[in-house]
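The block underneath contains the structure these notes are about, expressed in structure tokens.
Number of protein chains: 2
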Amino acid sequence: MTAWNSARRAKEERITAGARYAQGKEVAADDATALLEAVIRPGDRVCLEGDNQKQADLLAVALAAANNQILYDLHMVQSGVVLPEHLDVFESGIAKRLDFAYSGPQSQRIAQLLFGGKIALGAVHTYLELFARYFVDLTPQVALIAAVSADRDGNLYTGPNTEDTPTVVEATAFKDGIVIAQVNQIVDKVPRVDIPGDRVHFVVQANKPFYVEPLFTRDPAAITETQILTAMLALKGIYAPYGVQRLNHGIGFNTAAIELLLPTYGERLGLRGKVATQWALNPHPTLIPAIESGWVQNIHCFGSEVGMDEYIRARSDIYFTGPDGSLRSNRAFCQTAGLYACDMFIGSTLQIDLQGHSSTVTAGRIAGFGGAPNMGSDARGRRHSSAPWLIAGEQADPATPAALRRGRKLVVQIGETFGDKNAPLFVDRLDALTLAERLQLDLAPIMVYGDDVTHIVTEEGIANLLLCRNADEREHAIRGVAGYTPVGRQRNKKLVEQLRERKIIQRPEDLGIDPLDADRSLLAARSVKDLVRWSGGLYSPPAQFRNW
Amino acid sequence: MTAWNSARRAKEERITAGARYAQGKEVAADDATALLEAVIRPGDRVCLEGDNQKQADLLAVALAAANNQILYDLHMVQSGVVLPEHLDVFESGIAKRLDFAYSGPQSQRIAQLLFGGKIALGAVHTYLELFARYFVDLTPQVALIAAVSADRDGNLYTGPNTEDTPTVVEATAFKDGIVIAQVNQIVDKVPRVDIPGDRVHFVVQANKPFYVEPLFTRDPAAITETQILTAMLALKGIYAPYGVQRLNHGIGFNTAAIELLLPTYGERLGLRGKVATQWALNPHPTLIPAIESGWVQNIHCFGSEVGMDEYIRARSDIYFTGPDGSLRSNRAFCQTAGLYACDMFIGSTLQIDLQGHSSTVTAGRIAGFGGAPNMGSDARGRRHSSAPWLIAGEQADPATPAALRRGRKLVVQIGETFGDKNAPLFVDRLDALTLAERLQLDLAPIMVYGDDVTHIVTEEGIANLLLCRNADEREHAIRGVAGYTPVGRQRNKKLVEQLRERKIIQRPEDLGIDPLDADRSLLAARSVKDLVRWSGGLYSPPAQFRNW
Numbered sequence: 001m002t003a004w005n006s007a008r009r010a011k012e013e014r015i016t017a018g019a020r021y022a023q024g025k026e027v028a029a030d031d032a033t034a035l036l037e038a039v040i041r042p043g044d045r046v047c048l049e050g051d052n053q054k055q056a057d058l059l060a061v062a063l064a065a066a067n068n069q070i071l072y073d074l075h076m077v078q079s080g081v082v083l084p085e086h087l088d089v090f091e092s093g094i095a096k097r098l099d100f101a102y103s104g105p106q107s108q109r110i111a112q113l114l115f116g117g118k119i120a121l122g123a124v125h126t127y128l129e130l131f132a133r134y135f136v137d138l139t140p141q142v143a144l145i146a147a148v149s150a151d152r153d154g155n156l157y158t159g160p161n162t163e164d165t166p167t168v169v170e171a172t173a174f175k176d177g178i179v180i181a182q183v184n185q186i187v188d189k190v191p192r193v194d195i196p197g198d199r200v201h202f203v204v205q206a207n208k209p210f211y212v213e214p215l216f217t218r219d220p221a222a223i224t225e226t227q228i229l230t231a232m233l234a235l236k237g238i239y240a241p242y243g244v245q246r247l248n249h250g251i252g253f254n255t256a257a258i259e260l261l262l263p264t265y266g267e268r269l270g271l272r273g274k275v276a277t278q279w280a281l282n283p284h285p286t287l288i289p290a291i292e293s294g295w296v297q298n299i300h301c302f303g304s305e306v307g308m309d310e311y312i313r314a315r316s317d318i319y320f321t322g323p324d325g326s327l328r329s330n331r332a333f334c335q336t337a338g339l340y341a342c343d344m345f346i347g348s349t350l351q352i353d354l355q356g357h358s359s360t361v362t363a364g365r366i367a368g369f370g371g372a373p374n375m376g377s378d379a380r381g382r383r384h385s386s387a388p389w390l391i392a393g394e395q396a397d398p399a400t401p402a403a404l405r406r407g408r409k410l411v412v413q414i415g416e417t418f419g420d421k422n423a424p425l426f427v428d429r430l431d432a433l434t435l436a437e438r439l440q441l442d443l444a445p446i447m448v449y450g451d452d453v454t455h456i457v458t459e460e461g462i463a464n465l466l467l468c469r470n471a472d473e474r475e476h477a478i479r480g481v482a483g484y485t486p487v488g489r490q491r492n493k494k495l496v497e498q499l500r501e502r503k504i505i506q507r508p509e510d511l512g513i514d515p516l517d518a519d520r521s522l523l524a525a526r527s528v529k530d531l532v533r534w535s536g537g538l539y540s541p542p543a544q545f546r547n548w
Numbered sequence: 001m002t003a004w005n006s007a008r009r010a011k012e013e014r015i016t017a018g019a020r021y022a023q024g025k026e027v028a029a030d031d032a033t034a035l036l037e038a039v040i041r042p043g044d045r046v047c048l049e050g051d052n053q054k055q056a057d058l059l060a061v062a063l064a065a066a067n068n069q070i071l072y073d074l075h076m077v078q079s080g081v082v083l084p085e086h087l088d089v090f091e092s093g094i095a096k097r098l099d100f101a102y103s104g105p106q107s108q109r110i111a112q113l114l115f116g117g118k119i120a121l122g123a124v125h126t127y128l129e130l131f132a133r134y135f136v137d138l139t140p141q142v143a144l145i146a147a148v149s150a151d152r153d154g155n156l157y158t159g160p161n162t163e164d165t166p167t168v169v170e171a172t173a174f175k176d177g178i179v180i181a182q183v184n185q186i187v188d189k190v191p192r193v194d195i196p197g198d199r200v201h202f203v204v205q206a207n208k209p210f211y212v213e214p215l216f217t218r219d220p221a222a223i224t225e226t227q228i229l230t231a232m233l234a235l236k237g238i239y240a241p242y243g244v245q246r247l248n249h250g251i252g253f254n255t256a257a258i259e260l261l262l263p264t265y266g267e268r269l270g271l272r273g274k275v276a277t278q279w280a281l282n283p284h285p286t287l288i289p290a291i292e293s294g295w296v297q298n299i300h301c302f303g304s305e306v307g308m309d310e311y312i313r314a315r316s317d318i319y320f321t322g323p324d325g326s327l328r329s330n331r332a333f334c335q336t337a338g339l340y341a342c343d344m345f346i347g348s349t350l351q352i353d354l355q356g357h358s359s360t361v362t363a364g365r366i367a368g369f370g371g372a373p374n375m376g377s378d379a380r381g382r383r384h385s386s387a388p389w390l391i392a393g394e395q396a397d398p399a400t401p402a403a404l405r406r407g408r409k410l411v412v413q414i415g416e417t418f419g420d421k422n423a424p425l426f427v428d429r430l431d432a433l434t435l436a437e438r439l440q441l442d443l444a445p446i447m448v449y450g451d452d453v454t455h456i457v458t459e460e461g462i463a464n465l466l467l468c469r470n471a472d473e474r475e476h477a478i479r480g481v482a483g484y485t486p487v488g489r490q491r492n493k494k495l496v497e498q499l500r501e502r503k504i505i506q507r508p509e510d511l512g513i514d515p516l517d518a519d520r521s522l523l524a525a526r527s528v529k530d531l532v533r534w535s536g537g538l539y540s541p542p543a544q545f546r547n548w
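These protein sequence lines map, in sequence, to chains A and B. Its first residue numbered 1, the first sequence is counted upward by one per residue in the UniProt record's numbering. Its first residue numbered 1, the second sequence is counted upward by one per residue in the UniProt record's numbering.
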């Protein structure tokens, strides 16, 4: 006789085992480790909520403190590997296998643990891909999540950092898994219900608010004139001719410069209302001047950003907010928006090779992908048209009859030819390939593949890869904007000039841009304090960004 | 002074206007039209929940009955155009513009209204693409949705047909829109909370349960021996060599035949546990024998299927279910699973051209796309490997070094060379092109583009397009399985034989399959009654499928 409800019975047993530490659904913080030891089973798939920003830090500490004779060989399936405890569990043997998407601050240690064989790597995913697998072959048996508050029935309020929580909970709770939430406080009534209580089995009140990293704050004071030049090139050479209205900006100073140039340089180009109106984007503080100047119609957010709460509340026409007035973010839907409803993704990377493949992996650092592979890929399932998408499609494939020609998403890599510590952005061979060999990975960790990249912008100009007709043209389009890097110096000058005549390469002067005009006076805000002023005092930057 | 909270104020005004007809959140069915006239504004974007299966039919009737002097020029943004009322609103001028994804039963009338200029068409989308736009440029101001029950706070229980509801509500409610739900009953406590009440503004109790179409029920009695042959070819020629475990089946008798062959022919091939273990799929009754025979590990569902409720409840290890025991479906997540976590999509179509483009549009019928463009496209953001994906990638591109080579999703079109009413499956020119000309569309409504299709299966054999090295080979691979259709008869026989030697074309005999073995005795169930028997009486087919 086959058992057809074994997971349901196991769930009941787990709840019974955990209930010893609970009053109703509430568990004291001191009992968190005992709760996890009672509820989790060796070999379980566990999602320890590590989002791009929000961290279930109390539960991370509690899991890391578990007895590795009781809990071992866990398979961690979570977006972010961000806190030290996320890796401590691998050191101690509590966890063995890892599927993840992003590992910013732990990129060096995760590499060491992989090299040392302490982590069996499933794959490095893009967020939406990992979410997809939650419903097919990586469904968590236990989810350890974070929220702002809970009521006694377990209804959760996530506040502005909803992020991955609804997705993780849906996959876990509806497949007979156990959901344990840490909350900052337990209240009589939550300000809004982000997660219904019948999906939540235990609630642990934390002794301090969960950790959130201000990941998307860029201090305008640190933006260089070279970055301003690349921003001018992007605005005049890409945003304007394609008329890009629906878009996503990656993290970084180059895109922050674009945001701060909209109300100044963009205004001068007459682009207000014509470009950058609808966004899939975290609440970047550097977008405040453009919002205040009437550039932006609406923004849907993956997560939130520290200090932006009051500003968002006062600008509900722009953001998605709940009945309580605070932001409702949702990474799954925002990634879907980035994939299917945006006409452009523009972001930075650490290395680009001669095929246009890019990677943020360098020797000894595995940073993960985050959302870039998803947003930086052409959505082949897309069936609605828009002007920028049609123009890009025609540039890529002028021969196909219009009705049978697909458009193309604009995928733009922007950066300086030499980046941090003077490391060249352009390389003959990606470090990602060396890593793949060393770890015997099926695939090198490529963030955006060359065949999805449409433009590369550096201070030397714009390379439009859509217009290249073969691999050789493509290689020289890349060399032609690679400046004085070794890759750039190995260019065939004549071929590069031919590409320039065909506008495959456009120099600043070809676009009527004088590099000497790339001045910090063009920035709508030149400091964090300026951003606060633009916001009418509503933006409240975190302490590390205040120097006044 | 810019108004930054105008949508919030408008929401309050709308709620106040609607509250005249409400006690708490409850509105009598007789007042539904008055409620809509009070709450909706001319020109609004409105989602009138029309899912693939579940229909907010009371609200559809109520909207169609509105005064077109009060409500006009609405922009309807909804997945399904299924009920007559969905189009009546365009006849009367209440609605003007339409963005949608699927229009099965209304495909003829929607074409007439488009030709007649009564509908201004935005675009025909795939579901996930339309959902994406809900968060960027097609956010509804008002959502009219359907649920099984509500409590007095507006908490909703959707039952097994959750489908699109969470997505529609999230986009609407968190952008200061109004959510109106019709429910079958109002109760003290809902069995589970599918939609939290603070996202729901008005609840209308319907006088009868909302309409659900049994869209995924295929009577095994109607499966032909030709369909059985194509199923054998698919199993032995594709499922087995690629080892496809994670997959989606489209609607149709060809894929139903595959499902019914798993416990018989599939078992004989030794494939149990090796293929078809994890699914993104509606609860197809024809999968019951495979489930009962231990083939299936888990299934995540877009929606549900009439009559499958008790079976699903008793098989919770297989399906995603709630604490109440009934199915939790979710189209957005299941489509995401189909895009990023499945290695194969296999489905049928009405026309395939010589480039491999396929379409379900025929002269005078616009059926829409549903999920096929999304699931039938290669996910270029995917970064995890699997055996089938790597094999397909290598077949398509043997030259690229493995670490830099992307895999490929298997996208299979399966059908008979002559379909319904003897219409040829293969055509020189798609009717979709004629339609695009007539309606001056930017894009012909292609369901799956040829460059995403990897295999075509007919009773004449399998064409593996991955192995084709140029357009000519591709064209002849298609002609080579097109049988006695005009396209098939125009083949160059010598070229086709060369393709067969290279295994680009595989005939039944090349796979060791004797077409005479394609017998109905191979079907694990030969009738709906057989399916009921397999289910131990748990499957309760709708009346139109009962003939005993």
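Built from N, CA and C at the ideal position, the CB exists for glycine as well. Just so we're clear, the structure is a prediction, and the values are computed from it rather than from any experiment.
Take the Cβ of residue i as the centre, count every other Cβ of all protein chains shown within 10 Å, and call the residue buried at 16 or more, exposed below.
{"i": "ASP519 (chain A)", "result": "exposed"}
{"i": "PRO373 (chain A)", "result": "buried"}
{"i": "ASP514 (chain A)", "result": "exposed"}
{"i": "GLN490 (chain A)", "result": "exposed"}
{"i": "GLN185 (chain B)", "result": "exposed"}
{"i": "ALA132 (chain A)", "result": "buried"}
{"i": "TRP548 (chain A)", "result": "exposed"}
{"i": "GLN23 (chain B)", "result": "exposed"}
{"i": "PRO241 (chain B)", "result": "exposed"}
{"i": "PRO486 (chain B)", "result": "exposed"}
{"i": "GLU501 (chain A)", "result": "exposed"}
{"i": "GLY480 (chain A)", "result": "buried"}
Excluding the 5 residues flanking residue i on each side, which residues of the same chain have their C-beta closer than 7 angstroms to its C-beta?
{"i": "GLY364 (chain A)", "result": "GLN108 and ALA111"}
{"i": "ALA314 (chain B)", "result": "LEU538"}
{"i": "ARG382 (chain A)", "result": "TYR340"}
{"i": "ALA173 (chain A)", "result": "VAL179 and ARG199"}
Please list, in chain order, all residues of the same chain as residue i whose beta carbon is under 6 angstroms from its beta carbon, the five residues on each side excluded.
{"i": "ILE119 (chain B)", "result": "PHE90, LEU98 and LEU113"}
{"i": "TYR300 (chain A)", "result": "The identity of residue 300 (chain A) in the sequence shown is His, whereas the question assumes Tyr. Same-chain partners within the cutoff: ALA280, PHE320, CYS334 and ALA337."}
{"i": "GLN395 (chain B)", "result": "LEU466 and LEU467"}
{"i": "TYR211 (chain B)", "result": "GLN55 and ASP57"}
For residue i, verify whether its CB is less than 6 angstroms away from any heavy atom of the ligand COA.
{"i": "VAL190 (chain B)", "result": "What this structure holds is no ligand at all, so the ligand COA is not there to describe."}
Return the Cβ separation of residue i and residue j in integer angstroms, given the expectation that the two are a contact with Cβ distance under 8 angstroms.
{"i": "PHE253 (chain A)", "j": "ALA222 (chain A)", "result": "6 angstroms"}
{"i": "PRO289 (chain B)", "j": "TRP4 (chain B)", "result": "With 8 angstroms as the limit, PRO289 (chain B) and TRP4 (chain B) do not qualify as a contact, their Cβ atoms being about 59 angstroms apart."}
{"i": "ALA524 (chain B)", "j": "PRO283 (chain B)", "result": "Not confirmed; about 17 angstroms, so no contact."}
- Touching by the beta-carbon criterion (3+ pairs, under 8 angstroms), the stretch 167-186 of chain A and the stretch 50-65 of chain A: Contact annotation: the stretch 167-186 of chain A touches the stretch 50-65 of chain A, with at least three C-beta pairs closer than 8 angstroms.
Check: Taking any Cβ of chain B, which residues in the stretch 101-126 of chain A have a Cβ under 8 angstroms from it, in chain order?
Finding: If you check each beta-carbon in the stretch 101-126 of chain A against every beta-carbon of chain B, the ones closer than 8 angstroms belong to GLY122, ALA123, VAL124, HIS125 and THR126.
- Proximal residues, the stretch 171-196 of chain B versus chain A, C-beta separation under 7 angstroms: When CB distances to chain A are screened at a threshold of 7 angstroms, the residues of the stretch 171-196 of chain B falling below it are PHE174, LYS175, ASP176, ARG192, VAL193 and PRO196, in chain order.
- Task: Report the residues of the stretch 453-467 of chain A with a CB closer than 8 angstroms to any CB of chain B, ordered along the chain.
- Result: Residues passing the 8 angstroms Cβ filter: none.
Evaluate the contact criterion for the stretch 134-149 of chain A versus the stretch 276-292 of chain B: three or more CB pairs, one atom per stretch, below 8 angstroms. The answer is yes - the stretch 276-292 of chain B touches the stretch 134-149 of chain A, with three or more Cβ pairs under 8 angstroms.
- Mind the definition here: the stretch 392-408 of chain A touches the stretch 471-480 of chain A only if three or more C-beta pairs lie below 8 angstroms; say whether that holds. Contact between the stretch 392-408 of chain A and the stretch 471-480 of chain A is absent: fewer than 3 CB-CB pairs across the two stretches fall below 8 angstroms.
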